[in-house]
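S.K.: In the order they appear, the protein sequences are chains A and L.
With numbering that gives the first Met the number 0, the residue at position 425 of the first sequence is 424, and numbering never jumps.
With numbering that gives the first Met the number 0, the residue at position 494 of the second sequence is 493, and numbering never jumps.
C-beta atoms are modelled at their ideal positions from N, C-alpha and C, and glycine is treated no differently.
Fair warning: this is a prediction, and the values are worked out from it, not measured in the lab.
I have a structure I would like to understand better, so I am pasting it below and will then ask my questions one at a time.
There are 2 protein chains.
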Amino acid sequence: MPSSSYKQLEQRFARLGRLHDAQGILHWDRSVMMPTGGAESRAEQIATLDVICHELITDPRIGDLLDAAEDESLGDWERANVREMRRDWTHATAVDAALVEAKSRACSACEMAWREARPKADYALVLPYLEEVLRLTVETGKAKAARFGTSAYDALLDQYEPAGRAADIDPVFDDYAGFLPDFLDSVLARQARETAPIKPRGPFPVERQRELGLRIMQILGFDFHHGRLDVSLHPFTGGASGDQRITTRYSETDFTSSLMGTIHETGHALYEQHLPKGWRHQPVGNSRGMAVHESQSLLMEMQASRSREFLSFAAPLMREAFEAEAGDGAWRPENLFRLYTRVSRSFIRTEADEVTYPAHVILRYRIERALIAGDLLLHDLPGAWNDGLKTLLGVVPPDDRLGCLQDIHWYDGAFGYFPTYTLGAMAAAQLFDAAGKAIPGLPAAIGRGEFKPLVDWLTENIHCKASYLSTRELLIAATGRPLDPAIFKAHLKARYLP
Amino acid sequence: MPSSSYKQLEQRFARLGRLHDAQGILHWDRSVMMPTGGAESRAEQIATLDVICHELITDPRIGDLLDAAEDESLGDWERANVREMRRDWTHATAVDAALVEAKSRACSACEMAWREARPKADYALVLPYLEEVLRLTVETGKAKAARFGTSAYDALLDQYEPAGRAADIDPVFDDYAGFLPDFLDSVLARQARETAPIKPRGPFPVERQRELGLRIMQILGFDFHHGRLDVSLHPFTGGASGDQRITTRYSETDFTSSLMGTIHETGHALYEQHLPKGWRHQPVGNSRGMAVHESQSLLMEMQASRSREFLSFAAPLMREAFEAEAGDGAWRPENLFRLYTRVSRSFIRTEADEVTYPAHVILRYRIERALIAGDLLLHDLPGAWNDGLKTLLGVVPPDDRLGCLQDIHWYDGAFGYFPTYTLGAMAAAQLFDAAGKAIPGLPAAIGRGEFKPLVDWLTENIHCKASYLSTRELLIAATGRPLDPAIFKAHLKARYLP
């Protein structure tokens with residue numbers, strides 16, 4: 000008896016999932032271990048696996064199997080799995096191989112030009128490459144839009160945030176853009192009235208920082224039997240299923256950002272570590288999307304760990320790790336809290352605080368929508384950037400290095416990714432709020448370094464659900480309502496204007 | 000115009016080569032970096048790539064393309080490439096997928112049983128698993144023999160030593176087995192008359208050992224732009240093309256074996272680093288086989304580095320690395336030379352000196368030939384082992400842990416591998432002898448830590464040739480004659496009975 004269409008799909012997607020796992024290790028190794036001379040060979044290995052994966056998912060049989068499986072008698076998770084398979088398959092088959100390859104080449108060339116242009120603040124140098132990337136991205140977006148029945152931008156957004164729609168994001172971001180100027184003025188005025196926090200004095204030996212990071216990871220519940228902590232230039236969470244690898248980077252003169260970075264990546268890794276094992280390598284068993292992923296990292300970092308409670312618990316651990324004197328005021332919890340919640344108008348997104356971060360994201364979101372729609376020409380990007388930041392945040396970057404050249408995303412072809420950062424931040428606030436209502440004494444538990452109740456709640460309400468529900472359904476199931484940006488604003492008010 | 004059959008083959012084998020590279024990184028990571036909980040997922044990743052590689056090479060089109068390519072007008076290297084492609088293809092297509100999978104499963108089960116049986120010295124525990132492995136290995140050998148027109152054993156040997164034949168090995172090994180008893184008696188008698196070498200006193204901090212190892216690797220010419228040194232339980236050379244990774248292991252109480260192990264693996268890695276880049280990912284661009292590979296590691300370790308010249312050069316580096324007192328006699332070159340050339344009758348192959356090592360190999364070679372031919376039953380393996388070692392080396396292991404359970408090879412299905420160790424040792428002596436004649440003042444150069452002339456000679460005569468020639472042709476081209484075991488014996492006489 001031939002196996003059901005569903006079972007055949009499961010086998011094919013399991014093979015794909017295992018190849019994606021292999022690629023996860025190859026990508027991790029490239030960023031963490033690979034000697035520089037291995038780059039050419041590694042690019043060939045990864046490209047070969049990309050081609051094989053593309054061949055597997057665009058196999059003409061898949062479409063027939065999906066049609067047939069949708070008529071079979073399936074369980075709920077199996078049905079959701081078919082839905083996710085169809086989504087992956089639609090993305091893959093919407094564009095022909097020639098366009099995929101042309102875009103891949105254009106992105107590689109543009110990224111290389113960007114690496115040269117950024118330190119020189121020379122946007123003109125990268126502009127012709129970016130023109131080509133944008134042209135092929137628009138073509139990709141239109142081809143996918145035709146299949147998904149959405150706009151080109153929404154089709155691109157769907158790659159990172161399944162079922163995400165600009166029509167849903169616009170009011171959320173417009174509301175925050177309206178809220179921010181006055182709120183930021185008040186926060187900065189309040190900060191100015193307080194004494195400035197004291198920065199702990201280093202040097203902070205890397206080995207001590209690493210030990211402290213490992214200890215905090217353990218406290219957060221990271222499973223070292225199924226993961227590692229290493230160093231890379233740009234911190235990330237990667238690896239394979241059952242083998243989550245996070246990275247950080249250390250500065251001997253400042254341990255604070257590395258430590259919060261480690262906590263942030265631990266949030267990502269906990270999500271991956273708690274995905275349902277029974278659905279490993281199946282599309283429904285994957286994490287839900289980038290907004291939910293970012294909600295998990297930002298919940299751990301911004302909500303749980305930049306809190307008075309956690310910093311009261313962590314202050315003595317930090318002080319001991321660096322053998323600082325007990326009387327040194329820099330290590331007092333209240334000082335660390337003020338240090339970790341310092342707000343400022345700044346140019347660089349990745350260094351921004353949680354109050355101003357959404358402004359950086361909203362700027363990029365508005366610009367990329369206009370670029371994809373053809374309402375803004377790339378020639379005018381630097382001007383639009385500077386005008387936009389002035390409006391949103393009241394500052395203008397002195398050059399494009401601190402402006403439109405700062406992020407790799409567009410130069411690597413990632414249009415539609417940026418909004419997930421702020422959607423994630425808002426979801427994090429909403430989930431933490433719901434967890435606080437569901438778990439009696441949660442802040443006090445965090446103050447004792449007890450993360451198990453919180454992580455158990457996240458596991459049950461988010462991690463274990465994988466891609467069974469949509470992002471919207473997931474939030475409703477966990478918190479009782481869809482994304483509500485008022486909760487994020489309430490969190491900011493409580494923390495910054497108490 | 001369709002591309003030539005040869006070009007189509009090149010493309011198909013390039014894809015295979017790149018996947019093998021990816022697997023090289025996954026295997027390295029498994030031994031060096033992977034958290035234990037990643038094992039299940041990793042096994043799935045590797046198995047999936049194995050299946051894909053098997054599908055690619057057994058694609059029915061390949062046979063036709065090979066036939067057609069052999070009629071095309073090709074350059075010498077291209078013709079050799081087709082020859083090597085046909086060899087790989089014949090190995091892959093000789094056995095059906097069911098047998099490949101059954102053997103793979105049997106080996107995994109047997110290896111696991113062996114890991115339990117070895118520490119307990121309990122051969123009976125692993126026997127039923129080994130029966131199954133042997134049965135499937137014989138079946139594999141017979142299937143391949145039918146295609147290659149050889150005996151089953153030679154077909155198995157060909158997997159590791161292309162074109163290797165038992166009929167050529169028998170006289171070489173018989174000759175050594177006849178030479179060894181008297182020679183060994185004389186060496187041991189001579190050693191007994193000398194004062195015993197002094198072992199340098201530790202502890203030897205791991206970080207210092209690593210620094211010393213890195214320094215010696217640099218002196219030998221290892222390209223760190225294209226490679227790394229790491230730690231694993233069992234030292235090996237792995238990685239991918241353009242990215243050679245060697246491993247070692249450290250003991251705080253003894254640095255000597257780790258250092259020579261690092262030099263040994265560096266010899267392997269230099270071979271890989273100097274393979275012709277233009278033939279990367281093509282069968283003709285691969286290393287020639289295990290005997291030639293072992294000749295490169297043993298040439299660096301046994302011939303070049305366990306010499307008075309090298310140890311005179313290295314002694315002060317070692318002493319400084321561990322901050323030993325200048326007057327400490329343990330660090331004198333002559334003492335280190337005697338320590339590094341100590342001979343003894345021992346049970347464990349991997350710890351054996353270069354005089355007795357071939358006896359361990361000859362024992363295994365004779366036994367595995369008898370097992371494959373059906374002339375020896377596995378039930379009688381421990382007895383045959385102990386009798387054989389008594390005859391060859393004059394000692395009998397007290398239990399099977401120190402006897403027939405010591406090596407993983409057979410329990411993992413590797414029959415036909417063992418002879419390559421001693422063929423490699425003999426080829427190393429022959430190549431080093433030829434290099435010494437071709438390079439004026441080679442010993443003195445080594446005494447100054449100048450390895451470039453030697454490595455350049457090896458690169459030109461061995462590394463750059465990749466798989467263009469057969470092992471026999473390669474040796475003739477480099478040294479003027481096929482493998483001549485007299486040169487190895489002469490080397491031993493000169494070093495151990497001067």
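Report yes or no: do three or more beta-carbon pairs, one from the segment 111-119 of chain A and one from the segment 348-364 of chain A, lie closer than 8 angstroms?
M.R.: The answer is no - the segment 348-364 of chain A does not touch the segment 111-119 of chain A, with fewer than three Cβ pairs under 8 angstroms.
S.K.: Just checking: is the beta-carbon of Q429 of chain L within a distance shorter than 7 angstroms of some beta-carbon in chain A?
M.R.: Cβ-Cβ to chain A under 7 angstroms: no for Q429 of chain L.
S.K.: If distances are taken between C-alpha atoms only, which option among L:G446, L:L377, L:P484, L:P418 comes closest to A426 of chain L?
M.R.: Ranking the options by Cα distance to A426 of chain L, first place goes to L:P484.
S.K.: Just to confirm before moving on: does the CB-CB distance between H224 of chain L and G16 of chain A stay below 7 angstroms?
M.R.: No, the pair does not count as a contact, with Cβ atoms beyond the cut-off.
S.K.: In terms of DSSP beta bridges, what is V230 of chain A paired with?
M.R.: BP columns for V230 of chain A point to A:T247.
S.K.: For M33 of chain L, which residues in chain A fall below 8 angstroms Cβ to Cβ?
M.R.: Correct list: D242.
S.K.: Measuring alpha carbon to alpha carbon, tell me which residue in L:E449, L:S40, L:M84 is nearest S304 of chain L.
M.R.: That would be L:E449, whose Cα lies nearest to the Cα of S304 of chain L.
S.K.: Does the distance from the C-beta atom of H263 of chain A to that of E210 of chain A stay below 7 angstroms?
M.R.: No, Cβ-Cβ distance for H263 of chain A and E210 of chain A is not below 7 angstroms.
S.K.: Where do the ends of the beta strand (DSSP E) carrying T236 of chain A lie?
M.R.: Run containing T236 of chain A: 236-239, per the beta strand (DSSP E) assignment.
S.K.: If you check the beta carbons only, do L298 of chain L and F147 of chain L fall under 7 angstroms apart?
M.R.: It is not a contact, given that the beta carbons lie outside the stated cut-off.
S.K.: At a cut-off of 6 angstroms, is L377 of chain L close to the ligand NAD when judged by its beta-carbon and the heavy atoms of the ligand?
M.R.: Inclusion of the ligand NAD in the displayed structure is not the case, the ligand content being empty and no account of it being possible.
S.K.: Pick helix, strand or coil for D58 of chain L, following the three-state DSSP scheme.
M.R.: Here D58 of chain L sits in coil by DSSP.
S.K.: Taking L18 of chain L as the query, report the chain A residues whose CB atoms sit under 9 angstroms from its CB, ordered along the chain.
M.R.: By Cβ distance, chain A contributes Q44, T47, L48, I51.
S.K.: Using a beta-carbon distance below 7 angstroms, is I24 of chain L in contact with chain B?
M.R.: Note that chain B does not occur in the displayed structure, where the protein chains are A and L.
S.K.: If you draw a straight line from the alpha carbon of L55 of chain L to that of G393 of chain A, how long is it in whole angstroms?
M.R.: Looking at the two C-alpha atoms, the distance is approximately 59 angstroms.
S.K.: From which residue to which residue does the alpha helix (DSSP H) around R17 of chain A run?
M.R.: Looking at the DSSP string, the run of the alpha helix (DSSP H) that includes R17 of chain A is 4-31.
S.K.: Given this structure, state the Cα-to-Cα distance separating E251 of chain L from F321 of chain L, to the nearest angstrom.
M.R.: So the alpha carbons of these two residues sit roughly 11 angstroms apart.
S.K.: Leaving out five residues before and five after R41 of chain A in sequence, what residues of the same chain have Cβ atoms less than 7 angstroms from its Cβ?
M.R.: If we look at R41 of chain A and ignore the five residues flanking it on each side, its Cβ neighbours are L25, R29, M33.
S.K.: Determine contact between the segment 352-363 of chain A and the segment 172-180 of chain A, defined as no fewer than three beta-carbon pairs at a distance below 8 angstroms.
M.R.: Output reads yes: the segment 172-180 of chain A touches the segment 352-363 of chain A.
S.K.: Looking at C-beta atoms only, is the number of pairs between the segment 149-168 of chain A and the segment 331-343 of chain A that lie closer than 8 angstroms three or more?
M.R.: Too few Cβ pairs lie closer than 8 angstroms, so no.
S.K.: Just the C-alpha distance for A79 of chain A and R287 of chain A, rounded to the nearest angstrom, thanks.
M.R.: Each residue's alpha carbon lies about 12 angstroms from the other.
S.K.: Taking only beta carbons into account, state which residues of the segment 213-232 of chain L come closer than 8 angstroms to chain A, listed in chain order.
M.R.: The segment 213-232 of chain L vs chain A, Cβ under 8 angstroms: D222, F223, H224, H225, G226, R227.
S.K.: Note the first and the last residue of the continuous alpha helix (DSSP H) segment covering L274 of chain A.
M.R.: Counting along the chain, L274 of chain A falls outside any alpha helix (DSSP H), and DSSP gives it neither H nor E.
S.K.: R14 of chain A CB to nearest chain L CB: under 7 angstroms?
M.R.: Chain L contact via Cβ: present.
S.K.: Report the start-end ranges of each alpha helix (DSSP H) in the segment 47-125 of chain A that is 4 residues or longer and not cut off at the edges.
M.R.: With a minimum length of 4 residues, the continuous alpha helix (DSSP H) runs that stay inside the segment 47-125 of chain A are 59-68, 75-93, 96-119.
S.K.: Straight-line CA distance for M84 of chain L to P381 of chain A?
M.R.: If I take the Cα positions, the gap works out to 55 angstroms.
S.K.: Alpha carbon to alpha carbon, how far is D58 of chain L from S4 of chain L? Give it in angstroms, no decimals.
M.R.: Taking the straight line from one Cα to the other gives about 14 angstroms.
S.K.: Under the three-state reduction of DSSP, which class applies to D406 of chain L: helix, strand or coil?
M.R.: D406 of chain L: coil per DSSP, three-state reduction.
S.K.: Taking Cβ positions, are H462 of chain A and Y270 of chain A nearer each other than 7 angstroms?
M.R.: Cβ atoms of H462 of chain A and Y270 of chain A: closer than 7 angstroms.
S.K.: Tell me, which residues are paired with D242 of chain L by DSSP?
M.R.: L:A239, per the DSSP bridge assignment.
S.K.: Count Cβ pairs between the segment 215-222 of chain L and the segment 438-455 of chain L that sit closer than 8 angstroms; are there 3 or more?
M.R.: Result yes; three or more Cβ-Cβ pairs closer than 8 angstroms.
S.K.: Would you identify the three-state DSSP class for D399 of chain L, choosing helix, strand or coil?
M.R.: Of the three classes helix, strand and coil, the one that applies to D399 of chain L here is coil, per DSSP.
S.K.: Do we get a CB-CB distance below 7 angstroms when we pair G37 of chain A with the residues of chain L?
M.R.: For G37 of chain A, the answer is yes, since a Cβ of chain L falls inside 7 angstroms of its Cβ.
S.K.: Check each candidate in A:N334, A:H90, A:R279 and name the one with the smallest Cα separation from A145 of chain A.
M.R.: It is A:H90.
S.K.: Who are the neighbours of A239 of chain L on chain A, taking C-beta pairs under 8 angstroms?
M.R.: Going along chain A in sequence order, the residues near A239 of chain L (Cβ under 8 angstroms) are G37, S40, R41, Q44.
S.K.: Locate the alpha helix (DSSP H) running through Y339 of chain L, then write down its first and last residues.
M.R.: Looking at the DSSP string, the run of the alpha helix (DSSP H) that includes Y339 of chain L is 332-339.
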